[in-house]
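Following my numbering, the numbering of the sequence shown begins with 43 at its first residue and continues without gaps.
To start, the structure itself, in structure tokens.
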Amino acid sequence: MDLLNRKFFLGFIRIHILYHASKDMIYGAEMIRELQRHGYTISPGTLYPILHELEEKGLLRSKERNINGKIRRYYRITEKGRRLLIEAKKKIIELVEEVLEEKRYA
43 MDLLNRKFFL GFIRIHILYH ASKDMIYGAE MIRELQRHGY TISPGTLYPI LHELEEKGLL
103 RSKERNINGK IRRYYRITEK GRRLLIEAKK KIIELVEEVL EEKRYA
């Protein structure tokens, strides 16, 4: 993915992370696989700074767990993150409706 596409899709990736963190606790490797299912190629070096940023902004909170002798950090959405996700969904719907409406008349 070139730099322009990468920057463009990082917003979608953040929303995708918040969405999954609203459904259940998530961890990095799991999110990399989930994003790959949707065609995003994202490295741990890109994902983990995003997770840390979302946590610093109060949109996610994390908790470490010992899984088979390994420490794994799990993330869950916060109330602030949930409110932002609701607003993002509204904006996505508005944008998609506008884009699809335009297509009908093209």
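C-beta atoms are modelled at their ideal positions from N, C-alpha and C, and glycine is treated no differently.
Quantities reported herein were computed from a predicted structural model and do not represent experimental measurements.
- In the structure shown, residue 89 adopts helical secondary structure according to DSSP, grouped into three states.
- By a beta-carbon distance limit of 8 Å, residue 116 does not contact residue 55. Their separation comes to about 18 Å.
- The segment 104–113 makes no contact with the segment 127–136: fewer than 3 CB pairs, one atom from each, lie closer than 8 Å.
- If you check the CB distance, residue 70 and residue 52 do not come in under 8 Å.
- If one requires a minimum length of 4 residues, the alpha helix (DSSP H) runs lying completely within the segment 60–132 are 70–79 and 86–98, in chain order.
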